[in-house]
Amino acid sequence: MEQSHYLIVGASHAALSALHAIRLHDSEKDITIITRDDSLPYSPTVLPYVVSGRSHPERVFLRNAEYFSKQKVNYRPRAQVASLRKGAVRLTDGSEIGYEKLLLATGAAPVLPSIPGLPEVRFHVLRTLNDALALREALPGVKKALVLGGGLIGMHAAENLATAGVEVTVVEKEQHVLPGYFDADAAAIIEKIFAAKGVRILTGACVAGCAPRGEGCYAALENGGVLVADLLLVATGVAPVTDFLDGSGVETDRGVLVDDTMLTSVENVWAAGDVAQARGFFAADKIINGILPDAVDQGRIAGMAMAGDPQLTEYAGGVPLNTYTFFGQQAASIGVQEGALGERGVEVHRELDAERNRYLKIVLEGDRLAGIFAINGAFDPGVMWELILRRVDLGAVKQSFLASPQQTARAIMSKTWR
Amino acid sequence: MGVAFETIAFQNELCDGCNECMTACARAKAQSDDFVHSRIQIVAADGGHELAMCRQCGDPECVLDCPAAALAKDEVTGVIEWDDTKCVNCLMCTVGCAYGGIVYDAGAGHVIKCDLCEGDPACVKACSRGALKHITSSRIYNEVGDLEDLFVPGLAGCQGCNSELVMRHTLRRIGPEAVLATPPGCVPGMGSVGYNGLTGTKVPVFHPLLTNTASMLTGVRRYYKRMGRDVMAVALAGDGGTADVGFQSLSGAAERGEEILYICIDNEGYMNTGMQRSGCTPYGAWTSTTPVGERSRGKTQDAKNLPLLMMMHRCEYVATASTAFMQDLYGKLDRAIQASKQGFAYLHIYSPCTTGWRFPSDQNIEVARKAVETNFVLLWEYDPRSGLRLTRNADAPLPLTDYMKVLGKFRHVSQEQIDHIERSVAENLRFIKGLAAGVPAVIAAAGRA
Numbered sequence: 225m226e227q228s229h230y231l232i233v234g235a236s237h238a239a240l241s242a243l244h245a246i247r248l249h250d251s252e253k254d255i256t257i258i259t260r261d262d263s264l265p266y267s268p269t270v271l272p273y274v275v276s277g278r279s280h281p282e283r284v285f286l287r288n289a290e291y292f293s294k295q296k297v298n299y300r301p302r303a304q305v306a307s308l309r310k311g312a313v314r315l316t317d318g319s320e321i322g323y324e325k326l327l328l329a330t331g332a333a334p335v336l337p338s339i340p341g342l343p344e345v346r347f348h349v350l351r352t353l354n355d356a357l358a359l360r361e362a363l364p365g366v367k368k369a370l371v372l373g374g375g376l377i378g379m380h381a382a383e384n385l386a387t388a389g390v391e392v393t394v395v396e397k398e399q400h401v402l403p404g405y406f407d408a409d410a411a412a413i414i415e416k417i418f419a420a421k422g423v424r425i426l427t428g429a430c431v432a433g434c435a436p437r438g439e440g441c442y443a444a445l446e447n448g449g450v451l452v453a454d455l456l457l458v459a460t461g462v463a464p465v466t467d468f469l470d471g472s473g474v475e476t477d478r479g480v481l482v483d484d485t486m487l488t489s490v491e492n493v494w495a496a497g498d499v500a501q502a503r504g505f506f507a508a509d510k511i512i513n514g515i516l517p518d519a520v521d522q523g524r525i526a527g528m529a530m531a532g533d534p535q536l537t538e539y540a541g542g543v544p545l546n547t548y549t550f551f552g553q554q555a556a557s558i559g560v561q562e563g564a565l566g567e568r569g570v571e572v573h574r575e576l577d578a579e580r581n582r583y584l585k586i587v588l589e590g591d592r593l594a595g596i597f598a599i600n601g602a603f604d605p606g607v608m609w610e611l612i613l614r615r616v617d618l619g620a621v622k623q624s625f626l627a628s629p630q631q632t633a634r635a636i637m638s639k640t641w642r
Numbered sequence: 091m092g093v094a095f096e097t098i099a100f101q102n103e104l105c106d107g108c109n110e111c112m113t114a115c116a117r118a119k120a121q122s123d124d125f126v127h128s129r130i131q132i133v134a135a136d137g138g139h140e141l142a143m144c145r146q147c148g149d150p151e152c153v154l155d156c157p158a159a160a161l162a163k164d165e166v167t168g169v170i171e172w173d174d175t176k177c178v179n180c181l182m183c184t185v186g187c188a189y190g191g192i193v194y195d196a197g198a199g200h201v202i203k204c205d206l207c208e209g210d211p212a213c214v215k216a217c218s219r220g221a222l223k224h225i226t227s228s229r230i231y232n233e234v235g236d237l238e239d240l241f242v243p244g245l246a247g248c249q250g251c252n253s254e255l256v257m258r259h260t261l262r263r264i265g266p267e268a269v270l271a272t273p274p275g276c277v278p279g280m281g282s283v284g285y286n287g288l289t290g291t292k293v294p295v296f297h298p299l300l301t302n303t304a305s306m307l308t309g310v311r312r313y314y315k316r317m318g319r320d321v322m323a324v325a326l327a328g329d330g331g332t333a334d335v336g337f338q339s340l341s342g343a344a345e346r347g348e349e350i351l352y353i354c355i356d357n358e359g360y361m362n363t364g365m366q367r368s369g370c371t372p373y374g375a376w377t378s379t380t381p382v383g384e385r386s387r388g389k390t391q392d393a394k395n396l397p398l399l400m401m402m403h404r405c406e407y408v409a410t411a412s413t414a415f416m417q418d419l420y421g422k423l424d425r426a427i428q429a430s431k432q433g434f435a436y437l438h439i440y441s442p443c444t445t446g447w448r449f450p451s452d453q454n455i456e457v458a459r460k461a462v463e464t465n466f467v468l469l470w471e472y473d474p475r476s477g478l479r480l481t482r483n484a485d486a487p488l489p490l491t492d493y494m495k496v497l498g499k500f501r502h503v504s505q506e507q508i509d510h511i512e513r514s515v516a517e518n519l520r521f522i523k524g525l526a527a528g529v530p531a532v533i534a535a536a537g538r539a
């Protein structure tokens, strides 16, 4: 049986960050990375840009072969884990790889809604590079596209399709788009801009059933009406795939449950990134905080723990955050909305200029930052994230922070972590 | 061995908020006067000024956060480079940066960040207050970092002592083709001569008497030369062994032009034997033999200017140096090594003594820096062809008390004593400047045949 001291399953941000952290502490022991993909590592976040043609599919790889050989890493594409037992994983081809330390960084996979007729329809998802290439290839000749789901992937894809000249309809079951990151006011600005670019957005809407129509589909809405599309993209969300862990003893809920060092319930098995369900900074229960910077953080913590790096500091908890650029506009969402907090001591500061597509909301809990959200508002997301994580007391500078969050936060940053 | 990188340092207490750095950056990078395009951002806060700028992190989060492989740390320059042909404008990098160092510029339509202007930063040149400095000492590390350290690990110096730094750096540069003499003092005391029959160096080392270091090295160098081998004869000696007890043999060797590199580590006294005064102890300083009591107020004589004495031997090379100015020190070390192949080279390195001078052990380099910045110590070099020249401008010194107030050995001094020291420092500066202005001609006229 093949043996590797460190074995990392998955090859995206969490995996690469873990690898980096391991090699900072342990330059020698063997590392094997296995991924079911057939390419060098890439990020799911870049895929909408591969579809639009902005990113060349040959130039999106996060590391090259030279990097892996320099880091003495055995990088093995086209390898998928079927099951896990103590000290070894079994691949779908029947072979086994033994490990001392294992990281599960397998990410998430699209969740398909249970719409009658969907299995008979040709549809696209967007999670792998092959998905992106297939979608890109399907584009020529498409006049009308239907996107199910107004989350980040759906909205990115809708924008790219519209830019390519396709008539796009987005169907979102919540009352506004991007419900995970923005409130109704902010979403209204985003929806308005999409509408101006010819994208039709149906919120509070559900597809009740669909039927094949060549390469496309017919979709019947719950409240009546039928949509006709040459292309259907299902972007209703992703979830960790954990069924290969059945019988392994690794505890799962919606994702793989981990402690503050990303260790699972099984000795010498860690999990990080979109597959992991870890402490939430604001939530009482463990959350899946499926975002890129958090995957990097979790990966680093897992890597340090695996290598026994004494500099390890425990995970502070996942803070929801994201950046979103669309049609030349910039949006950022750092932290939680007021609704996610308790009743007491919560203060919300709003600035809305829908005309000029400007929006800013600051949520304070006591004198500490809980969330800051903007469309075309200047602040440094990374600095704000630190203010939240460090629970910086803004009491003394509250007025200037509300008036000029970027400058005030930069001054605090420069003084505090000089 | 890894690679070290150049960086821009910001001293906020020197910044007066003139914003010239931002203007210079916006002009250099965006041909605009609008600060919004500046990669360096000065933020006014609480009457002071703070900085938001790319730190060119050693382990950059922005790079790990980029989904498009558009950011990468250059392995040679250390600059985090942004590739516009790969960037997709997702702004994930701005989430990864806790320093406000990579930001979206709406005018440009993409993120902007500092790129150190290809090693010649416009902001630093525009800063008239010295608040921004382009730190290039990484060049030393990259140049000598791979050279073998010729001392054993674990030399037992006092906490915070910079002698170990001097020893390791100098011998590393000198290389293995050398014989080292370490007369009684801190250098052998911290273990360079070794224990239990094993030496503390990877080159031959010996422990001469205080009196005969230069004589013994004379023989060593001449012997190897006769054998046809170019082996350097090097001394790492203290100021006591150099200025006082060992001066006779030193002066003789210098006068004869022996091919020796003699490095004096000057901590202004016999520090490892109980902090007695030496000829290099400055006026007013406490030592165990110049005590402070009801009548005695420290040393009553000025220090002798040993490097000047050596210059008057018309050595092949003489220089003073400080561990707070390593690039300067390295340049002089290189010239001293070269000179020692033709004649006598003398390098005088000031070495603040945490134990004997009584200051906190984390302040050594800062004390060394203040000594130079107040002109208490002058950095200069000399060779018989070009004469003496100051290697660091001494025209705008800090107040002398900035240096003295840190040191326990001067804690008792009266105003009269401070006045005396200030007069000595001023006189010394005048003298050195006079030599710098006049010596080339004088020395050239009187130059040895």
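If you read the sequences in order, they're chains A and B. Numbering-wise, the working numbering comes out as the position in the first sequence, counting from 1, plus 224. Numbering-wise, the working numbering comes out as the position in the second sequence, counting from 1, plus 90. Where a beta carbon is used, it is the ideal one built from N, C-alpha and C, also for glycine.
Is it buried or exposed, residue i, if we count other Cβ atoms within 10 angstroms and call 16 or more buried?
| i | result |
| --- | --- |
| R538/B | Its pLDDT being 45, under 50, R538/B is placed unreliably by the model, and the measurement read from it follows with that caveat. Exposed is the call here. |
| L516/A | buried |
| F625/A | buried |
| L240/A | buried |
| A420/A | exposed |
| P358/B | The question names Pro, yet the displayed sequence has Glu at residue 358/B. Buried, since its Cβ has 16 or more Cβ neighbours within 10 Å. |
| E103/B | exposed |
| A414/B | buried |
| V297/A | buried |
| D181/B | In the sequence under discussion, the amino acid at residue 181/B is Leu, which differs from the Asp named in the question. By the neighbour-count rule (16 or more Cβ atoms within 10 Å), L181/B is buried. |
| G528/B | exposed |
| K431/B | exposed |
| A408/A | exposed |
| E463/B | buried |
| T316/A | exposed |
| A508/A | exposed |
Can you list the residues of chain A that residue i reaches, using a CB-CB cut of under 9 angstroms?
| i | result |
| --- | --- |
| Y189/B | D604, G606, V607, R634, M637, S638 and W641 |
| V295/B | The premise fails here: V295/B is roughly 33 angstroms from chain A at the closest Cβ pair, so nothing lies under 9 angstroms. |
If distances are taken between C-alpha atoms only, which option among the options comes closest to residue i?
| i | options | result |
| --- | --- | --- |
| A500/A | G479/A, A507/A, D409/A and V462/A | G479/A |
| Y539/A | A598/A, C434/A and A495/A | A495/A |
| L419/B | Y436/B, G369/B and F241/B | Y436/B |
| S253/B | S227/B, V335/B, W470/B and G281/B | G281/B |
| Q304/A | F292/A, S319/A, K310/A and L264/A | S319/A |
| M416/B | T377/B, I225/B and T444/B | I225/B |
| A444/A | I512/A, G619/A and L370/A | L370/A |
| F337/B | M322/B, N302/B and T308/B | N302/B |
Whose C-beta lies closer than 8 angstroms to the C-beta of residue i among residues of the same chain, with five residues either side of it excluded?
| i | result |
| --- | --- |
| L536/A | T485, I525, M528 and A529 |
Just to make sure I have the definition right: I need the residues of chain A whose C-beta is within less than 7 angstroms of the C-beta of residue i. Which are they?
| i | result |
| --- | --- |
| T184/B | T547, D604, P605 and G606 |
| Q453/B | Going along chain A, no residue has its Cβ under 7 angstroms from Q453/B, so there is no contact; the nearest lies around 19 angstroms. |
| E140/B | R634, A635, S638 and K639 |
Give me, in chain order, the residues of the same chain whose beta-carbon lies closer than 7 angstroms to that of residue i; leave out the 5 immediate sequence neighbours on both sides.
| i | result |
| --- | --- |
| K163/B | P150, V153 and I170 |
| R479/B | W470, E471 and A526 |
| T476/A | T466 and L469 |
In chain order, what residues of the same chain have a beta carbon less than 6 angstroms from the beta carbon of residue i, not counting five sequence neighbours either side?
| i | result |
| --- | --- |
| Y299/A | I257 and F292 |
| L327/A | I232, A242, W494 and A526 |
| T632/A | V621, S624 and F625 |
So which residues of chain B does residue i contact, with C-beta pairs closer than 7 angstroms?
| i | result |
| --- | --- |
| Q554/A | L181 and Y194 |
| Q631/A | V133 |
| L286/A | A159 |
Applying a beta-carbon distance threshold of less than 8 angstroms, which residues of chain B neighbour residue i?
| i | result |
| --- | --- |
| S517/A | Before going further, note that residue 517/A is Pro rather than Ser in the sequence given. E151, D155, M182, V185 and G186, listed in chain order. |
| G241/A | Note on identity: in this sequence residue 241/A is Ser, with Gly being the wrong assignment. Neighbours of S241/A on chain B, chain order: L154. |
Chain B contacts made by the segment 257-283 of chain A, where a contact means CB separation under 7 angstroms: S267, T269, V270, Y273, R278, S279 and R283
According to a CB-to-CB cut-off of less than 9 angstroms, which residues of the segment 147-159 of chain B neighbour chain A? D149, E151, C152, L154, D155, C156, P157, A158 and A159
Compile a chain-ordered list of the residues in the segment 429-457 of chain B whose CB is closer than 8 angstroms to at least one CB of chain A. none
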